[in-house]
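Okay, structure first, notes after.
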Amino acid sequence: MSQNKIAHKVQNLQSSAIRELLKHSKMEGVISLGGGIPNPDLFDREGLELAMEKVLSSTWKEAFQYGLSEGSPELRGAICQLLSGRGIHCGVDDVVVTSGSQQSLDILARALINPGDIVVVERPTYLAALQVLQLAEANLMSVGTDGERDDH
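Heads up: the sequence shown begins at 1 in full-length UniProt numbering, then just goes up one per residue.
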């Protein structure tokens with residue numbers, strides 16, 4: 001019996017392509033448009049300070065606590081209103097706020113993909129999505145933007 005207690009699907013993970021690309025973002029002359037590390041010089045510092053002051057003057061007790069895993073009802077309600085203005089009608093219970101695209105992809109993969117399911121991805125695709133789909137044990141079929149298929 002193997003002494004390795006790590007799950008097979010984790011043992012077979014490949015290095016994150018995003019991490020490999022991020023190494024290049026530090027090179028002189030490179031302007032990174034990805035990796036979740038925006039140029040801090042582009043932040044609206046004054047706007048962020050005003051938003052933080054507003055939170056600290058009104059809802060500071062709640063702001064430093066864990067919130068609902070699906071997101072605050074106020075934010076979800078505001079999203080519903082925004083979507084309604086675009087012709088999409090939904091209720092607060094239909095909206096989930098995540099910490100980012102990676103968490104969203106992970107939740108969707110866990111909820112919708114069974115091992116062996118075929119998942120079609122565009123080529124090129126969001127590299128970090130491939131790792132989520134690999135963990136979900138999906139069979140990937142990539143389709144180029146020119147419509148050409150490439151089965152993996």
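We treat Cβ as the ideally placed atom computed from N, Cα and C, and that holds for glycine. It should be emphasised that the depicted structure is a prediction, and the values quoted were computed from it without experimental measurement.
- Straight-line spacing of the CA atoms in S58 and P115 works out to 47 Å.
- Around Y66, the same chain offers no residue with a beta carbon nearer than 7 Å, after the five sequence neighbours per side are excluded.
- In this structure, V92 places its C-beta atom within 7 Å of the C-beta atom of C80.
- For S142, there is no enclosing alpha helix (DSSP H); the enclosing beta strand (DSSP E) has its first and last residue at 139-144.
- Annotated three-state conformation of E28 is coil, per DSSP.
- Between A129 and L112, the C-beta gap is not smaller than 7 Å, which leaves the two residues out of contact.
- Beta-bridge analysis with DSSP links E122 to V143.
- Cα atoms of A109 and S99: separation of roughly 16 Å, rounded to the nearest angstrom.
- Going by DSSP, H8 is part of the alpha helix (DSSP H) stretching over 8-11.
- Shown here, A111 sits in a helix according to DSSP, grouped into three states.
- Judged by DSSP in its simplified three-state form, L42 adopts helix.
- Within the model, the alpha-carbon separation for H8 versus E122 is close to 27 Å.
- With contacts defined by Cβ atoms closer than 7 Å, L135 and V119 do not form a contacting pair.
- Taking the Cα of D146 as reference, the smallest distance to any Cα among A78, P124, Q131 is reached at P124.
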